[in-house]
Structures are given as C-alpha cells and as structure tokens.
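Data block below; observations after.
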Amino acid sequence: MEQVALESNAVFIGIEYLATFFCGLSGGLAAIHKRYDLFSILVLSWVTALGGGITRDLLLGALPPVGITDKGFVLTALVSGIIVAIVHPEIDHLKWSMITTDALALGLFAVNGTAKALAYHSSGMTAVFLGMFTALAGGTIRDILLNEVPSILRDKHLYAVPSFVGCLLTVFAARATDHWNLGLNGEMILDIVVVIVVFALRMLSVVFNITFPGAVERRQTHLP
Amino acid sequence: MEQVALESNAVFIGIEYLATFFCGLSGGLAAIHKRYDLFSILVLSWVTALGGGITRDLLLGALPPVGITDKGFVLTALVSGIIVAIVHPEIDHLKWSMITTDALALGLFAVNGTAKALAYHSSGMTAVFLGMFTALAGGTIRDILLNEVPSILRDKHLYAVPSFVGCLLTVFAARATDHWNLGLNGEMILDIVVVIVVFALRMLSVVFNITFPGAVERRQTHLP
Amino acid sequence: MEQVALESNAVFIGIEYLATFFCGLSGGLAAIHKRYDLFSILVLSWVTALGGGITRDLLLGALPPVGITDKGFVLTALVSGIIVAIVHPEIDHLKWSMITTDALALGLFAVNGTAKALAYHSSGMTAVFLGMFTALAGGTIRDILLNEVPSILRDKHLYAVPSFVGCLLTVFAARATDHWNLGLNGEMILDIVVVIVVFALRMLSVVFNITFPGAVERRQTHLP
Chain A
0 MEQVALESNA
10 VFIGIEYLAT
20 FFCGLSGGLA
30 AIHKRYDLFS
40 ILVLSWVTAL
50 GGGITRDLLL
60 GALPPVGITD
70 KGFVLTALVS
80 GIIVAIVHPE
90 IDHLKWSMIT
100 TDALALGLFA
110 VNGTAKALAY
120 HSSGMTAVFL
130 GMFTALAGGT
140 IRDILLNEVP
150 SILRDKHLYA
160 VPSFVGCLLT
170 VFAARATDHW
180 NLGLNGEMIL
190 DIVVVIVVFA
200 LRMLSVVFNI
210 TFPGAVERRQ
220 THLP
Chain B
0 MEQVALESNA
10 VFIGIEYLAT
20 FFCGLSGGLA
30 AIHKRYDLFS
40 ILVLSWVTAL
50 GGGITRDLLL
60 GALPPVGITD
70 KGFVLTALVS
80 GIIVAIVHPE
90 IDHLKWSMIT
100 TDALALGLFA
110 VNGTAKALAY
120 HSSGMTAVFL
130 GMFTALAGGT
140 IRDILLNEVP
150 SILRDKHLYA
160 VPSFVGCLLT
170 VFAARATDHW
180 NLGLNGEMIL
190 DIVVVIVVFA
200 LRMLSVVFNI
210 TFPGAVERRQ
220 THLP
Chain C
0 MEQVALESNA
10 VFIGIEYLAT
20 FFCGLSGGLA
30 AIHKRYDLFS
40 ILVLSWVTAL
50 GGGITRDLLL
60 GALPPVGITD
70 KGFVLTALVS
80 GIIVAIVHPE
90 IDHLKWSMIT
100 TDALALGLFA
110 VNGTAKALAY
120 HSSGMTAVFL
130 GMFTALAGGT
140 IRDILLNEVP
150 SILRDKHLYA
160 VPSFVGCLLT
170 VFAARATDHW
180 NLGLNGEMIL
190 DIVVVIVVFA
200 LRMLSVVFNI
210 TFPGAVERRQ
220 THLP
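Order-wise, the sequence lines are chains A, B and C. Using numbering that gives the first Met the number 0, read the first sequence as starting at 0 and increasing by one per residue. Using numbering that gives the first Met the number 0, read the second sequence as starting at 0 and increasing by one per residue. Using numbering that gives the first Met the number 0, read the third sequence as starting at 0 and increasing by one per residue.
Here you go:
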C-alpha cells in the first residue's frame with residue numbers, strides 16, 4: 000500500500016514536515032507583507048501549510064482532517080509562522096530559496112495527496128484530483144483570504160501543470176508497484192523520482208520563462 | 000424515488016450532461032476574457048460546471064463527490080473548456096445563446112440537486128438548500144476565484160430567486176408523486192415543468208429588466 | 000457531556016438563538032450597505048449567522064450540517080435578514096450595540112463550537128480549532144463573498160485572539176467538570192464565565208484600542 004510506503008519511512012515523513020514548514024513560511028511572509036498582526040500571520044501560515052490536506056480530507060470524507068488533528072503538523076505550521084515573524088527580513092532576501100522550497104513542496108504534496116487517495120481506494124482520476132487539491136488548495140485559500148486571484152490561475156509560469164503531471168505519475172508508480180511487485184523500496188524510489196520531475200518542471204518554467212499556451216488567438220469569427 | 004426518475008431516464012441524463020457542458024463553456028469563457036492560460040481555462044470550466052454538485056455532495060456527506068469521481072461529467076466539463084478555448088470568438092458573439100443556456104442549466108441543476116437530496120432522505124427545507132447550492136455554487140466559486148463579487152449577490156436580475164422557486168417546486172413535485180402515485184412518467188413531466196418555470200423566470204427577468212426589491216428605503220430614523 | 004449541558008438548558012439555547020440573530024443582522028446590514036436586493040440580504044444574513052456552524056459540521060463530518068437542517072436556526076437567521084431590511088436606518092445608528100452584540104456572539108459561538116466538538120470526542124486541540132471555525136467562519140465567508148479581506152485578518156483590534164482564548168478555556172472547563180465532578184450546573188457557570196471573558200477581551204480591545212503585535216520590526220538583515 001502506497002500509504003504504508005509513505006508513512007513507514009522516516010525520509011518521507013521528514014520530507015512532508017519540511018514541505019509543511021516551507022509552505023508555512025510562504026504563507027506567513029504574505030501576511031507580513033500586508034502588515035497584519037502576529038495572529039493573522041499564524042492563521043495564514045497554518046492555512047497555507049495545511050489547507051491543501053484539509054481540502055483533500057474533506058473530499059475523501061477522512062474527518063476530522065489531519066490539519067486540525069495532527070499535533071506534529073499543526074505545530075510545524077505554527078512554528079514556521081513564528082519563525083518567519085522574526086527572520087522575515089532575511090527570508091525576503093532569499094527569493095530563490097523560497098521559489099525552490101515552494102517547488103519542492105509542490106512535488107511532495109502532489110505525491111502525498113495522490114498516495115493517500117489511492118490508499119482510500121480512489122480511482123486513478125479521483126486520486127489525481129485529490130493530489131492536485133493537496134498541492135494547490137492551501138495556496139489558493141491563502142490568496143482568496145488575501146483578496147487576490149489565486150496563483151494557480153494567475154501565475155504565468157507552470158504551476159498547476161507540474162502538480163498534474165506529478166499526480167498522474169504517482170498513479171502510474173502505484174500501478175507499476177502492484178504489477179511488477181516492486182515492493183516498498185521500489186515504490187519509494189519511483190515516488191522520489193516523481194517529486195524530482197515536478198520540482199524540475201516548475202523550476203525550469205520559472206528560470207527559462209516557459210509558459211503554457213492560452214486560448215487559440217483568432218481575430219475573425221466564422222459564424223454562418 | 001426521485002433519484003430513480005432522474006437516473007433511469009435517458010432524456011434527463013442527456014439534459015444533465017448538456018447543463019454541465021454549457022456551465023463549462025461559461026466558466027472557460029470567463030478565463031479567456033482574463034487572458035489566462037489553457038490550464039486555467041480548464042480549471043474554471045471544471046469548477047463552474049461541477050462545483051455546485053461538489054458542494055451538494057460535501058454537505059450531504061456523499062463522498063468523494065461526483066465532480067471528481069464520475070468520468071463522464073469530468074470529461075464533459077474539460078471538453079467544454081477545450082472547445083471554448085478554440086471557438087471563443089464565435090461564442091462571444093452568442094451573448095443571448097449564453098444567457099439562454101445558462102438559464103437552462105440553472106433550472107436543470109436546481110431540479111437535479113433537490114432530487115438527489117430527497118433521494119438521500121433530506122427534509123424539504125434541506126433539499127431546497129442543497130438544490131440551490133447545486134445550481135449556484137459553481138458560478139459562485141468561479142467568481143470568488145476570479146476575485147469578483149459572485150453573481151448571486153451582484154446580478155440585478157432574478158438569478159437566485161428562480162433557482163429557489165425551482166427547488167421548492169421540485170419538493171412539491173416529489174410530494175405530489177408520492178401522494179397521488181403519479182409514477183415515474185408523471186414525476187418526470189412535473190420536473191420538466193419545473194425546469195421550464197425556472198428558465199422562464201430567469202429569461203423574463205433579463206428580457207424585461209425585472210428586479211427584486213432591496214431594503215426598505217427610509218430617510219428618517221425613529222429611534223426613541 | 001458538554002453537549003448535554005448546552006442542549007438541556009433553556010438559557011443556553013436562548014443565548015444561541017440570540018447569537019444567530021445578531022450575526023444575521025450584521026450580515027444583512029453589510030448587504031444593505033452595498034445596496035443589494037432582498038434575496039442577497041437574506042443570503043448574507045444566513046451565511047453570516049450559520050456559516051460558522053456549517054464549517055464546524057463539515058470538518059466534524061456531522062452531515063448534513065445544522066445550518067441547513069435545523070428549522071429554528073434557519074428561520075432565526077432569515078427573520079434577522081427581513082428585520083434588518085426594514086429597520087436598517089435605526090440599526091445604523093446603533094454602532095455600539097452592533098459591536099456589543101457581535102462580541103457576545105463571538106463568545107457564544109466559541110463556547111458552543113468547542114463544546115460540540117468535545118461531545119464528538121475530538122481532542123482538545125481539534126476542539127479549539129472547531130470552536131474558532133464556529134466563531135469566525137461565518138463572518139469570513141461573508142467577507143469573501145463581498146470581495147473584502149476577512150475581519151479575522153484585517154481587524155486591527157483583538158478579534159480572533161479572544162475567540163482562541165475562549166475555545167481554550169472551554170476545553171479547560173470541560174476537563175475541570177469531568178475531573179472534579181462539577182455536574183451540569185457547575186459546567187454551565189464555567190461556560191458563562193468563558194463567554195464573559197471573550198466578550199470583555201473583545202470590548203476592551205475596541206474601547207481602549209488594544210492591538211496585537213505584528214512581525215518583529217527589523218531594518219538590517221544579518222545574512223552571512
């Protein structure tokens with residue numbers, strides 16, 4: 000079971016905490032830039048870090064969601080808010096570090112959300128949806144609360160697309176593990192490859208300014 | 000059972016797909032007008048077409064919701080996004096076609112949501128709420144994501160009111176079917192009448208600029 | 000059981016209706032100030048009064064939520080919308096009455112939401128989260144629909160903080176009741192004290208302009 004692969008391994012758990020922490024930093028930083036008070040900073044750190052998983056659990060019916068029940072993750076998100084409230088001038092200088100950690104979190108949450116959905120016997124399509132919600136909903140709720148158009152719509156670079164690719168690959172990785180009996184270690188290696196692919200897609204898009212095409216541009220209309 | 004009446008009939012299923020498709024067109028068009036990329040167009044098509052049903056299923060506890068599990072509806076919503084990305088100049092010319100199809104979808108989703116809630120043994124009041132969520136939540140989520148005040152609040156013409164009337168009439172139709180043993184065909188005819196009533200109310204309101212009164216206008220206050 | 004203490008007592012039930020009513024007034028008033036029609040006024044009264052409880056029930060999995068099933072509460076919320084549509088000029092003059100009743104509702108919903116979560120065997124931390132959602136989500140959804148940054152983030156005075164203190168104290172009150180066998184009356188007195196504490200914190204903050212610190216202000220950065 001994917002779930003087991005994820006939860007039985009210290010590397011994966013450590014990485015998930017890291018993703019939570021860095022999402023929390025980015026949420027808290029957004030609140031600081033708007034000059035909100037410490038409580039609002041904590042609220043935005045928490046919602047950015049754990050809002051994706053909460054949305055996934057709501058849609059799965061796994062209630063109450065991990066984002067309000069798991070002391071480790073809640074504490075991690077809140078600690079990230081407190082830390083960013085103190086060291087925000089340094090973090091502001093770390094623009095590329097933030098983009099990097101955000102891209103890493105994107106990949107980690109995509110794999111994690113898809114795997115949890117598969118462990119709950121979701122179909123492949125449903126698992127892809129739930130993986131994308133896990134990766135994207137936290138930042139989307141943050142942007143809605145800040146009264147901005149969410150990054151998934153606004154970001155010119157690839158952001159939702161890498162998460163989609165990652166969720167799809169995670170489903171294939173789980174299918175391959177079952178089919179060829181790859182075992183826990185085999186699946187873990189595949190999952191790590193997926194995280195790297197998502198990370199690379201996102202970073203390449205930002206660095207080389209790669210964008211996704213919009214609607215087909217046509218001047219004339221051909222109505223009969 | 001209402002559910003059975005809806006699901007056993009090819010006409011109803013065809014009509015529900017049509018409603019999904021036209022809601023998807025309108026969501027995708029909104030993304031194109033903001034010049035978002037193809038992925039954002041698909042996201043908005045999907046959320047506008049299926050967000051209402053997802054909200055209904057979340058509140059009913061019917062999880063995971065149809066909007067992320069039913070391949071037919073998901074595909075219909077995404078295909079509508081792809082189509083509108085290509086033929087948007089033509090669709091922009093079809094202002095009245097869009098208002099017409101939107102009004103049709105309003106009626107169809109109101110009947111569909113109310114009927115599903117009744118099939119889950121909801122009370123009449125709860126079924127009316129869930130029907131209205133089905134009809135209105137998709138467009139509301141679309142508007143929130145686009146950082147606009149939702150149409151249900153902003154639209155000067157009757158929009159939420161026809162859906163309310165439609166949900167109420169659907170409850171009466173289900174009660175009448177049970178009471179007088181009207182059978183599947185009888186209920187279906189009543190449901191079609193309800194869709195027509197919602198459609199007519201919405202269209203008449205737009206065509207003849209009929210609006211709903213606001214708060215009572217009074218200049219003087221009479222505080223003791 | 001906390002739940003029993005809340006539901007078996009006429010005082011508590013009366014107070015909860017009052018909180019619903021006053022939240023409904025404030026939601027309707029916001030719609031009137033934007034010159035929306037009567038239906039939008041009712042929508043905003045309902046969502047402001049019952050949106051917090053709906054969010055709590057969604058996260059608890061207590062579905063369908065009370066906010067669409069309980070005729071008494073739904074009616075109270077809608078009646079508050081109708082009343083404010085008529086007497087809004089008077090209510091506009093009652094700025095301090097609104098702040099006062101809003102502060103009272105904040106305390107009541109915090110105690111109520113935390114108690115319901117404990118009755119569903121939530122941990123203390125989860126109960127605090129659910130209490131805060133009950134107290135704060137209704138106003139937050141109202142602000143999102145009105146396309147404004149929610150009060151929990153924007154309000155310079157203490158708003159989320161008193162609700163947090165109230166939820167925490169409610170958990171302690173429940174623990175104390177169990178530990179020292181205080182019984183129904185003992186718990187009720189403790190709960191009333193909690194409501195008063197929340198109310199006092201909020202009012203003192205507004206009256207004496209007490210604010211919560213923001214991020215640590217530092218000009219220089221010390222990156223190595």
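Here a beta-carbon is modelled for each residue, glycine too, at the ideal position from N, C-alpha and C.
Query raised in the report: Based on Cα-Cα distance, which residue from F128/A, A136/A, F198/A and L152/A lies nearest to P161/A?
Result: Comparing C-alpha distances from P161/A to each of F128/A, A136/A, F198/A and L152/A shows the shortest one belongs to F198/A.
Query raised in the report: According to DSSP, which residues form a beta bridge with D101/C?
Result: Bridge partners of D101/C: none, in fact.
Requested in this report: Measure the beta-carbon distance from T125/B to A136/B and round it to whole angstroms, keeping in mind my assumption that it falls under 8 angstroms.
Outcome: With 8 angstroms as the limit, T125/B and A136/B do not qualify as a contact, their Cβ atoms being about 15 angstroms apart.
Requested in this report: Express the C-alpha separation of L167/B and V164/A in angstroms, rounding to a whole number.
Outcome: 44 angstroms
Query raised in the report: Does the segment 83-96 of chain C come close enough to the segment 147-159 of chain C to have 3 or more Cβ pairs within less than 8 angstroms?
Result: no
**Report entry** Presumed contact (8 angstroms Cβ cut-off) between L103/B and F211/B, rounded CB distance
**Finding:** In fact, because the Cβ distance is near 21 angstroms, the residues do not count as touching under 8 angstroms.
Query raised in the report: For A214/C, which of G23/A, H32/A and S25/A has the nearest alpha-carbon?
Result: H32/A
Report task. State the Cα-Cα distance for the pair P63/B and D56/B, rounded to the nearest angstrom. Result -> Taken atom to atom, the span from the alpha-carbon of P63/B to that of D56/B is near 8 angstroms.
Query raised in the report: Between I140/A and the rest of its own chain, which residues show a CB-CB distance below 7 angstroms, the 5 nearest in sequence each way excluded?
Result: V46 and G50
Requested in this report: Tell me whether D91/C sits in a helix, a strand or coil according to DSSP, three-state version.
Outcome: Helix at D91/C.
Query raised in the report: Near P223/A, what residues of its chain come up, given a Cβ to Cβ distance below 7 angstroms and the 5 sequence neighbours on each side ignored?
Result: Low local confidence applies: a pLDDT of 49 at P223/A is under 50, so the model's placement there is unreliable, with the coordinate-based value given in what follows. Here the set comprises nothing.
Report task. Give the C-beta separation of L58/B and F132/B to the nearest angstrom, bearing in mind that I take them to be a contact with Cβ-Cβ under 8 angstroms. Result -> 7 angstroms
Query - Anticipated Cβ contact below 8 angstroms, V193/B with V110/B, distance rounded - result: Their Cβ separation, rounded to whole angstroms, is 5 angstroms, which keeps V193/B and V110/B in contact under 8 angstroms.
Query raised in the report: In whole angstroms, what separates the C-alpha of S204/C from that of A134/C?
Result: 17 angstroms
Report task. Measuring only between beta-carbons, confirm whether L43/B sits less than 8 angstroms from chain C. Result -> No, its Cβ sits nowhere closer than 8 angstroms to a Cβ of chain C.
Query raised in the report: What residues are listed by DSSP as bridge partners for T210/C?
Result: H156/C
Query raised in the report: Do G23/B and T75/B have their C-beta atoms closer together than 8 angstroms?
Result: Between G23/B and T75/B, the CB-CB gap stays under 8 angstroms.
Requested in this report: Go to D56/C, then tell me how far its alpha helix (DSSP H) extends in each direction, as first and last residue.
Outcome: L37 to L59
Report task. Count the other C-beta atoms from every protein chain shown that fall within 10 angstroms of the C-beta of R34/B, then say buried if there are 16 or more, exposed otherwise. Result -> Counting Cβ neighbours within 10 Å, R34/B comes out exposed, since fewer than 16 surround it.
Report task. Would you identify the three-state DSSP class for G16/B, choosing helix, strand or coil? Result -> The residue you asked about is not Gly; residue 16/B is Tyr in the sequence shown. DSSP places Y16/B in helix when its eight states are reduced to three.
Query - Residue environment, H156/B, which counts as buried when at least 16 other CB atoms sit within 10 Å - result: The residue in question, H156/B, is buried, as its Cβ has 16 or more Cβ neighbours within 10 Å.
Query - Cut-off 6 angstroms between Cβ atoms - residues of its own chain near E1/A, not counting five sequence neighbours on either side - result: Low confidence applies to E1/A: its pLDDT is 45, below 50, so where it sits in the model is not reliable, and the reading given next is rough at best. Cβ within range, chain order: A114, L117, A118 and A173.
Query raised in the report: When the distance is taken between beta carbons, is G13/A closer than 8 angstroms to A48/A?
Result: Pairing A48/A with G13/A gives a Cβ-Cβ distance that is not under 8 angstroms.
Query raised in the report: Does any CB atom of chain C fall closer than 8 angstroms to the CB of S150/A?
Result: no
Query raised in the report: Around the Cβ of E216/A, are there at least 16 other Cβ atoms within 10 angstroms (buried) or fewer (exposed)?
Result: Result: exposed.
Query raised in the report: the segment 140-165 of chain B: which residues have C-beta closer than 7 angstroms to a C-beta of chain C, in chain order?
Result: I143, N146, E147, V148, P149, I151, L152, A159 and V160
Query raised in the report: Is there at least one Cβ from chain B nearer than 8 angstroms to L58/C's Cβ?
Result: Chain B, which has no Cβ nearer than 8 angstroms to the Cβ of L58/C, makes this no.
Query raised in the report: What are the residues of the segment 67-79 of chain A that lie near chain C, defined by any Cβ-Cβ distance shorter than 7 angstroms?
Result: I67, T68, K70 and V73
Report task. Compare the C-beta of A102/C against all C-beta atoms of chain B and say whether one is closer than 8 angstroms. Result -> no
Query - Option in Y16/B, A29/B and A18/B with minimal Cα separation from I143/B - result: A29/B
**Report entry** Range covered by the alpha helix (DSSP H) that runs through D142/B
**Finding:** G123 to L144
Query raised in the report: Straight-line CA distance for L129/B to D69/C?
Result: 14 angstroms
**Report entry** Limits of the unbroken alpha helix (DSSP H) element including V65/B
**Finding:** V65 to T68
Query raised in the report: Residues of chain C with a CB under 7 angstroms from the CB of A84/A: which are they?
Result: A214 and V215
Requested in this report: Step through the CB atoms of chain F and report whether any lies within less than 8 angstroms of the CB of I40/B.
Outcome: Checking the listed chains, one finds no chain F in this structure; the protein chains it contains are A, B and C.
Report task. Apply the 10 Å Cβ neighbour rule to V127/A and answer buried if 16 or more other Cβ atoms are within range, or exposed otherwise. Result -> buried
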